[in-house]
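Residue 156 in full-length UniProt numbering sits at position 156 of the sequence shown, and the numbers go up by one each step. By construction, the Cβ of each residue, glycine as well, lies at the ideal position given by its N, Cα and C atoms. Following: one structure in structure tokens, then a few remarks.
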Amino acid sequence: MMRHLYVVVDGSRTMEDQDLKPNRLTCTLKLLEYFVEEYFDQNPISQIGIIVTKSKRAEKLTELSGNPRKHIASLKKAVDMTCHGEPSLYNSLSIAMQTLKHMPGHTSREVLIIFSSLTTCDPSNIYDLIKTLKAAKIRVSVIGLSAEVRVCTVLARETGGTYHVILDESHYKELLTHHVSPPPASSSSECSLIRMGFPQHTIASLSDQDAKPSFSMAHLDSNTEPGLTLGGYFCPQCRAKYCELPVECKICGLTLVSAPHLARSYHHLFPLDAFQEIPLEEYNGE
């Protein structure tokens, strides 16, 4: 039900190729904006983070977070990014693993790599890292923009992920959509009870003498958002205020959700059975 996914974006010079219009980078970032929206629509209590790799290095564009607007804003800014050098699969996976290995066992740990180059420049033996990823139960999937690369095939196979190479832009979007739904969980996955809070949205009237405006905890680290408001979602445990759900309370750490959010995440555990096609002549209508 709870997923932690890092998306690794190739920022090497091959992303300036124009086989996708206007180029690979712009097309990729636009499709990733769509992917982020769909991901949080289907997995509202999950988190995502973005890593960019170029010039033999890797850096986080965004940290693991459940705020889709933050990721989409970063993707829009990345359109002006300069593409140069070679990517590094090793460095990208190392950064992702440093965070994912500390995630609880009842959550899924996933990495999705958008790989444009045919080479990777790594500081150490990547096959040793693949064994470490497998031991940490981190699932790595790859979408290739050029051609099949041997190391990506081994990476996806050993960690239980998938590897596909795109045909065109529509196929690219289709492959990304496959990663919106959570992957099948293994029988050895841990099961844990998670405490969650279901805060009600309360709005104080301006005519109420006792109404006192207060800050939302989500806005304390942002200068662009409005500050003092009268209403919001109040954590049932510590009474901290938030403007939207789902969110993890910054004061007490309680996961705050609404019932529809939980239902949208829960329905993946019990998908609909496969439909059976019945010929029209065999169907007896009522």
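Query, Result
"In chain order, what residues of the same chain lie with their CB nearer than 6 Å to the CB of L112, ignoring the 5 residues before and after it?", "V7, S141 and H179"
"Would P22 and F40 be called neighbours here (beta carbons separated by less than 8 Å)?", "no"
"Mind checking which residues open and close the beta strand (DSSP E) that includes S108?", "S108 to F115"
"Can you tell me whether F35 is buried or exposed? The criterion is at least 16 other CB atoms within 10 Å of its CB, across all chains shown.", "buried"
"Considering only residues of the region 51-127, which uninterrupted alpha helix (DSSP H) runs meet the minimum length of 4 residues and lie entirely inside it, listed in chain order?", "68-77 and 89-100"
"Using a threshold of 8 Å, state whether the C-beta atoms of T99 and I194 are closer than that.", "no"
"When the Cα atoms are used, what is the spatial distance from E286 to Q276?", "Caution applies to E286, whose pLDDT of 49 falls short of 50 and renders its modelled position unreliable; the value that the coordinates give is listed next. When rounded, the distance between both Cα atoms is 19 Å."
"If we call anything under 8 Å between Cβ atoms a contact, is R13 one with C83?", "yes"
"Name the DSSP bridge partner or partners of S141?", "L112"
"Let me know the beta strand (DSSP E) ranges lying completely inside the region 139-183, each 3 residues or longer, listed in chain order.", "163-165"
"Use the C-beta contact count for K54: other C-beta atoms within 10 angstroms, 16 or more gives buried, fewer gives exposed.", "buried"
"Cutting at 7 Å between CB atoms, please list the residues of its own chain near L133, excluding the five before and the five after it.", "L93, M97, V140 and T159"
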